């Protein structure tokens, strides 16, 4: 599958890659029952692996584990912001090697309006989609060329926000369909969460449950593009868990009710992965994008979820011919084809078990579960019966610890000259985490006064005459806040008040998400206010203190009087890589910041921001519909270490 579109945004969205490519041209078609490869009806069980959220060294192992887990396809997004970070400058190297999101420069184009009937935006979207399609064709990756791509997606969940754009929204989605068809790639195009998807686009379902979904065209198959294996996490949020039993229940019911393609959103199958650098959106989404997936953030098996689903996948695939070609009757649900039959017995009651008589035999179906009888006589699988217990993924505690030696140097927030300042507005060609507003004050009194700053988020640090006087931050639910600090200014002298505003990820979804204000938009109130200018960033970032081979900046580091619990310090150390291939960086004990390993930005950390003490449970009842507030753990602990 291949995806082209935003909101976890891409513009080419899901690309479904067969895990066993034919190496010869493959004709891809479909009917109301499902996809056909060279005329043969197939079941597709797929999982998401987002390549920028992992490293190239991990890809082979991830795909191997996906196949071992019973998957026969991989889905990925094509990340526009990662591949074109600067206008017309493309990057397909490293973990962006394709053979998400909108780039910031797109928002700054004159006259642009994102995701609507806007010529400026549509021209840029067409340019990028064409670039990616041409690249796929050049490398022979579409099925008709003998490659693994069997499904492509244009846009992503636009139906959730289309209403906000009125007639322009409808025109835009029709334009997307025409653009997709114009490439003639000879694989089905899908639009997820798009009930008005124009033919021949196939509208598909996203969510925790899709058994009751029906496509808008009776000739289209029933496909599930995003089966949410869990949920993402914000800083300060508890750990959400979706049980193996409930996820298996949702999958089994989907195939029971006629589904033929389902894709786990975040497998790492659905692997979540890691939001490296400053790519985490939200705002406030953590660096970890684990998603409680069958494979965790680092590619480790998440048991019992991985094993429980593996058994289900293998059973479903063993019934492929009957499910895609058989005649269905609902006494329970029975599929019959050429003298063979397979049965599903479902119970969506979340409290009571039921006994079902099928063909003269009684079967007890547990509450909120599906029993599968591949020959309609013997129950081989029940979604509520797991055979393994949940095991923590723990690091090797037997290794002998050794003390790290640290160097440090102070950071002075100052201008980076990377942006263009016009009055109080700063523009730049890349995401900038910090924005500094400075006010020069001519004060007539030494009495304490109040500095009041209205900000749209996410974090603010205040300095008076170079001294830090306070910090404040919002929450995922309340990003906008007013900071008030009592300060004293020097009598009869020029005083400098600096405000450092920090973003923790940009808005990535919803209607008109690109117009959401972030940072200090005012008012800033202080008696005697005269004028304003903007500066951006951290001096250490501009000086490239992280480059290991930058001899010019090896000086300035100190190895004595190591400061702790102090803002705006750079720290560095060296260590020997431990044996094995498991993740090794544990940032417990640090405050908030960003970490680099061998010059690579591995993302933000904030272990000092702990989850609240309420809402966690030591047991989890799988029965009943799942939501992101169910089965929470990790109260009073960091959201991520």
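Residue numbers (the working numbering): 759 to 1399. The C-beta atom is built at its ideal place from N, Cα and C for all residues, glycine as well. These figures come from a predicted structure and were not determined experimentally.
| residue 1346 in three-state terms, based on DSSP | Secondary structure at residue 1346: coil, using DSSP grouped into helix, strand and coil.
| query | Hey, would you say residue 996 sits closer than 9 Å to residue 1390, going by beta carbons? | reply | For residue 996 and residue 1390, yes; Cβs fall inside 9 Å.
| C-alpha distance - residue 835 paired with residue 938, whole-angstrom precision | Near 16 Å, if we compare the C-alpha coordinates of residue 938 and residue 835.
| query | When the distance is taken between beta carbons, is residue 931 closer than 9 Å to residue 941? | reply | The Cβ-Cβ distance between residue 941 and residue 931 does not fall below 9 Å.
| query | Just how far apart, CA to CA, sit residue 1349 and residue 934? | reply | Roughly 45 Å separates the two Cα atoms.
| said: Am I right that residue 1386 and residue 993 are in contact with their C-beta atoms under 8 Å? What's the rounded C-beta distance? | reply: Residue 1386 to residue 993, Cβ: 15 Å. No contact.
| query | Who are the Cβ neighbours of residue 1040 in its own chain at under 6 Å, not counting the five residues just before and after it? | reply | Setting aside the 5 residues that flank it on each side, residue 1040 is surrounded in the same chain by 1263, each with a C-beta closer than 6 Å to its C-beta; the list follows chain order.
| said: By the DSSP assignment, the beta strand (DSSP E) with residue 1005 in it spans what residues? | reply: Premise fails: residue 1005 lies in the alpha helix (DSSP H), 1002-1014, not in any beta strand (DSSP E).
| query | Taking just the CA atoms, how far does residue 833 sit from residue 1225? | reply | Rounded to the nearest angstrom, the gap between the Cα atoms of residue 1225 and residue 833 is 50 Å.
| Assuming residue 982 contacts residue 1020 under a Cβ cut-off of 8 Å, what Cβ separation, rounded to an integer in Å, is found between them? | That belief holds up - the Cβ atoms of residue 982 and residue 1020 are roughly 4 Å apart, short of 8 Å.
| task | Select from 1083, 1209, 1063 the residue whose C-alpha is nearest the C-alpha of residue 1144. | result | It is 1063.
| request: If I'm right that residue 1330 touches residue 1369 with Cβ under 8 Å, what's the distance once you round it to whole angstroms? | output: About 30 Å separates the two Cβ atoms, so there is no contact after all.
| task | Check whether the region 1005-1012 touches the region 1126-1142, counting contact only when three or more Cβ pairs, one atom from each stretch, lie closer than 8 Å. | result | Segments in contact, yes.
| query | Taking residue 1218 as the reference, which of 921, 1230, 1127, 1207 has the closest Cα? | reply | Nearest C-alpha to residue 1218: 1230.
| Rounded C-alpha distance that separates residue 823 from residue 1377 | Spanning the two alpha carbons is a distance of roughly 29 Å.
| Member of 976, 972, 984 whose CA lies at the smallest distance from the CA of residue 964 | Taking each of 976, 972, 984 in turn and checking the Cα distance to residue 964, the smallest one comes out for 984.
| Range covered by the beta strand (DSSP E) that runs through residue 1022 | Under the DSSP assignment, residue 1022 falls in the beta strand (DSSP E) whose first and last residues are 1019-1023.
| field | residue 840 (DSSP reduced to helix, strand or coil) | value | DSSP places residue 840 in helix when its eight states are reduced to three.
| query | Can you tell which of 861, 978, 1095, 1220 has the C-alpha that lies nearest to the C-alpha of residue 1265? | reply | Ranking the options by Cα distance to residue 1265, first place goes to 861.
| field | CA-to-CA distance, residue 1335 to residue 784, given in whole angstroms | value | The C-alpha of residue 1335 is placed about 45 Å away from the C-alpha of residue 784.
| said: So residue 1228 and residue 1243 are supposed to be a Cβ contact under 8 Å. How far apart are they, rounded? | reply: Approximately 4 Å separates the beta-carbon atoms of residue 1228 and residue 1243; this is inside 8 Å, confirming the contact.
| task | For residue 921, name the three-state secondary structure that DSSP assigns. | result | In the structure shown, the three-state DSSP call for residue 921 is helix.
| field | Three-state secondary structure assigned by DSSP to residue 1056 | value | In this structure, DSSP gives residue 1056 a state outside helix and strand, which the three-state scheme calls coil.
| If residue 975 and residue 811 are in contact, beta carbons under 8 Å, what's the gap, nearest whole angstrom? | Rounded, the Cβ-Cβ distance is 33 Å, inconsistent with contact.
| query | residue 1078: buried (16+ other C-beta within 10 angstroms of its C-beta) or exposed? | reply | Around the CB of residue 1078, 16 or more other CB atoms lie within 10 Å, so the residue is classed as buried.
| Where does residue 1395 sit, in a helix, a strand or coil, going by DSSP? | Correct three-state label for residue 1395: coil.
| On the three-state DSSP scale, how would you describe residue 943? | Secondary structure of residue 943 (DSSP, three-state): coil.
| request: For residue 1087, count neighbouring Cβ atoms within 10 angstroms of its own Cβ and tell me buried if that reaches 16, exposed if not. | output: The residue in question, residue 1087, is exposed, as its Cβ has fewer than 16 Cβ neighbours within 10 Å.
| request: Say whether the region 1095-1113 touches the region 1127-1136, bearing in mind that this needs 3 or more beta-carbon pairs closer than 8 Å, one atom from each stretch. | output: In short, these stretches touch, since the Cβ pair count reaches three.
| So residue 865 is in the alpha helix (DSSP H); what residue range does that whole segment cover? | Where residue 865 is concerned, the enclosing alpha helix (DSSP H) stretches over 862-865.
| request: Could you check if residue 1357 is buried or exposed, using at least 16 other CB atoms within 10 Å of its CB as the buried criterion? | output: Result: exposed.
| field | Assigned secondary structure, residue 1271 (DSSP; H/G/I helix, E/B strand, else coil) | value | In this structure, residue 1271 counts as helix in the three-state DSSP scheme.
| said: Just to check my reading of the structure: residue 1237 and residue 1223 have Cβ atoms closer than 8 Å, yes? What is that Cβ distance to the nearest angstrom? | reply: Between the beta-carbon of residue 1237 and that of residue 1223 there is about 29 Å, and that puts the pair past the 8 Å contact cut.
| Whose C-alpha, out of 1365, 1382, 1216, is nearest the C-alpha of residue 1045? | When each option's Cα is compared against that of residue 1045, the closest is 1365.
| message | I need the DSSP call for residue 957, collapsed to helix, strand or coil. | response | Residue state, collapsed to three classes: coil.
| residue 1068 - DSSP class collapsed to helix/strand/coil | DSSP, reduced to helix, strand and coil, places residue 1068 within a helical segment of the structure shown.
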